[in-house]
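Number of protein chains: 2
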Amino acid sequence: MPELNFADRLLAAIAEKKTPLVVGLDPVYQQLPAAITQQRELNDAEDIESAIDAILEFSTRVLKVVAPHVAAVKINSAFFENYLWDGVQAYHDVVQEAAAHGLIVIGDVKRGDIGNTARYYAQGALADPDFLSLDELVGPDAITVNAYLGQDSMAPFLDVAREYGKGVFALVRTSNPAAAEVQDVLLTDGQPFYMHMGKLVEKWGAGLIGQRGYSALGAVVGATNPDQLAALRQALPSTLFLVPGLGSQGGTAKDAAKAFKSDGTGAIINASRSIIYAFKEEKYKDLAPANWEKTVELAVLETKRQIAEALGQ
Amino acid sequence: MPELNFADRLLAAIAEKKTPLVVGLDPVYQQLPAAITQQRELNDAEDIESAIDAILEFSTRVLKVVAPHVAAVKINSAFFENYLWDGVQAYHDVVQEAAAHGLIVIGDVKRGDIGNTARYYAQGALADPDFLSLDELVGPDAITVNAYLGQDSMAPFLDVAREYGKGVFALVRTSNPAAAEVQDVLLTDGQPFYMHMGKLVEKWGAGLIGQRGYSALGAVVGATNPDQLAALRQALPSTLFLVPGLGSQGGTAKDAAKAFKSDGTGAIINASRSIIYAFKEEKYKDLAPANWEKTVELAVLETKRQIAEALGQ
């Protein structure tokens, strides 16, 4: 049974938590607070069980801290897939945990393939599993995808989004330094390639627009290029932006503010390492590392404040 | 310890088996021969264990049939990820099984992310696992990646390729119908976008060239567009092409032949459904479904013959 359109659900959750901030979970065993890794008997990153156990505890504690303050979390699959099938199970454990907190869960999986194959990625990565042995399991509310293969590679994801009331964010302009050599090349009509991709996303998403005027197909646009963000915001009125790159990647709240319309809607802003590893930052050194959860909470509140200020709220 | 360059290994295996044909494993429970699904007690696609068990048996039997005849197999991760973590474990089981047959294994995973994240995908999807509990496990010999994020998203995969003697195939021009709207747009310098991407791949691969003059970084270029294949072959002298789209997707051996240089090197050609599901084809109806393995073998031999003929061998 189709639920409420994903974009409407996301906008309602943002309104409730009064922030478009999304916390990104990129857990790396070697980066975790000593309070978590030292209590493991094996204390050995080469031991999968020990490492996953630490990552699960860390993720669970971060989710508990951030759940009252933000609408959504983004869980980065790479940091779990590194641990092969056990890691994939842990990824799904974290998805369940986040969902149980009432958080909207974005699975950052960046899948994409030709239509016949994409159907199976959409089923595994986005749909709620339909297996007898897993009948309580939910998939994430949304995932990221790579749309380089075009419309027929996207269709299976959009079908699942429609059927389950879920969302999809397609890569348009990413936040990494080398993105420009691929995504910023100019086309004969004068527009950069990312703009072409953005307009395709806006077009593909037209069949999934909710009551608030936004589509369940959104776009990933980095915070590290505010001018491009502004141009895309102008050109893609129905597309919600997932904006990574805040904090550790160098984007500021002021940069990210370009992703929003004047009514304050239009985007969610992701910060990962600057929040989950806040205990490493100079300004929180009096609390860290023993009270690392407090530093996560303070970093969330501070980032929320910065975003609100940049949005003039 | 670095092994032989992947391109050299692949070329040697092609010479030994006298064919650039690669068999693609895209196993779908509902498509399997009745001989395999009917013997399952549950006979229920919604039961993960039963479905995976059937897919594993099918894959194992296909590998045994094709191993004497081809150099490499391509295992499509999507058809395993559909079954979540148990499916991922089955994917790795099939990788081990194929490697045990001496086949070169291409993991068709199409991963890609910003550098900080791509490191973990490269570790999980391409490197040989470095965990105490999995010390006998090997990763695939090569994987497919999506290079839309540019050079810094590729670097971690290339680092693993260098360290482990492995290979990477980046999507350049895919075989699906809608690829054109993204990949064929013209740039201001007159070249289509896929050519720009292809030249980037050739450039990124320059540091991984083996003794035979080909790089361990190859390109995925569909068989469904022979003119584009010819143009790319001309422009990218050091890049090996992985050419999907033969058979069920409509590409012919004659089309795929454009991927080769006059010396007969330069590409591998993948056929998936037209081989593994050959028992469904009219011409093999006297053997199918009971003798489905024989139809797989006949389809491999026939496809090899068609490719050899198209290459004038």
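Protein chains in written order, with our numbering: chain A, 1 to 313; chain B, 1001 to 1313.
Idealized CB from N, CA, C, for every residue including glycine.
- Residues of chain B whose Cβ lies closer than 9 Å to the Cβ of residue 202 of chain A do not exist, since the nearest Cβ in that chain is about 13 Å away.
- With a threshold of 8 Å between beta carbons, residue 1124 of chain B makes contact with chain A.
- The beta carbon of residue 1275 of chain B sits no closer than 8 Å to any beta carbon of chain A.
- Interface criterion not met: the Cβ of residue 263 of chain A is under 8 Å from no Cβ in chain B.
- Around the beta carbon of residue 1135 of chain B, a 10 Å sphere encloses fewer than 16 other beta carbons of the protein chains shown; the residue is thus reported as exposed.
- Residue 1145 of chain B is bridged by DSSP to B:1111 and B:1170.
- Contact annotation: in the stretch 1145-1163 of chain B, residues whose CB is within less than 9 Å of a CB in chain A are 1146, 1147, 1148, 1149, 1150, 1151, 1152, 1153, 1154 and 1155.
- Shown here for residue 128 of chain A: same chain residues with a beta carbon closer than 8 Å to its own, the five before and five after excluded, namely 137, 138, 139 and 164 in chain order.
- Neighbours of residue 186 of chain A across chain B, judged by C-beta separation under 8 Å: 1187 and 1188.
- Within 10 angstroms of the beta-carbon of residue 218 of chain A lie 16 or more other beta-carbons, which makes it buried.
- Runs of beta strand (DSSP E) with 3 or more residues, each lying fully within the stretch 1211-1249 of chain B, are found at 1217-1221 and 1241-1243, listed in chain order.
- Residue 1019 of chain B and residue 1132 of chain B have their alpha carbons spaced roughly 38 Å apart.
- Secondary structure at residue 267 of chain A: strand, using DSSP grouped into helix, strand and coil.
- Counted as a single uninterrupted DSSP element, the beta strand (DSSP E) harbouring residue 1022 of chain B occupies residues 1021-1025.
- Look at residue 1032 of chain B here: in three-state DSSP terms it is coil, with no helix or strand label.
- Among the residues of chain A, those whose CB is under 7 Å from the CB of residue 1174 of chain B are 114 and 149, following chain order.
- Taking 8 Å as the CB threshold, residue 1029 of chain B stays off the interface with chain A.
- By DSSP's assignment, residue 1073 of chain B forms a beta bridge with B:1023 and B:1105.
- Apart from the 5 residues on each side of it in sequence, residue 1212 of chain B sits with its Cβ closer than 6 Å to the Cβ of 1008 and 1011 in its chain, given in chain order.
- Inclusion of residue 1269 of chain B and residue 1299 of chain B in the CB contact set at 8 Å is not warranted, their separation being larger than that value.
- The alpha-carbon separation between residue 1224 of chain B and residue 1066 of chain B amounts to approximately 24 Å.
- For the pair residue 1028 of chain B and residue 1075 of chain B, the CB atoms are not nearer than the 8 Å cut-off.
- Residue 1023 of chain B does not reach chain A, its nearest Cβ partner there being about 16 Å away, counting only Cβ pairs nearer than 8 Å.
- By the neighbour-count definition (other C-beta atoms within 10 Å, threshold 16), residue 1153 of chain B is a buried residue.
- Relative to the Cα of residue 1220 of chain B, the nearest Cα in the group B:1174, B:1178 and B:1246 belongs to B:1174.
- Nearest in C-alpha terms to residue 1099 of chain B, of all of B:1142, B:1236, B:1035 and B:1210, is B:1142.
- Contact annotation for residue 177 of chain A against chain B: 1152 [CB-CB distance below 7 Å, chain order].
- Residue 207 of chain A carries a helical assignment under DSSP once its states are collapsed to helix, strand and coil.
- By the CB criterion at 8 Å, residue 1253 of chain B and residue 1310 of chain B fall inside the cutoff.
- Residue 1063 of chain B is positioned such that its CB atom lies closer than 8 Å to that of residue 1073 of chain B.
- Scanning chain B for C-beta atoms nearer than 9 Å to the C-beta of residue 89 of chain A yields 1084, 1085, 1086 and 1088, reported in chain order.
- Assignment of beta-bridge partners to residue 1186 of chain B by DSSP yields B:1192.
- In terms of Cα proximity to residue 169 of chain A, the closest of A:239, A:39, A:68 and A:259 is A:239.
- Around the beta carbon of residue 156 of chain A, 16 or more other beta carbons lie within 10 angstroms, which makes this residue buried.
- Here DSSP, grouped into helix, strand and coil, assigns residue 150 of chain A to coil.
- Interface annotation, residue 1058 of chain B: not in contact with chain A, CB-CB separation never under 8 Å.
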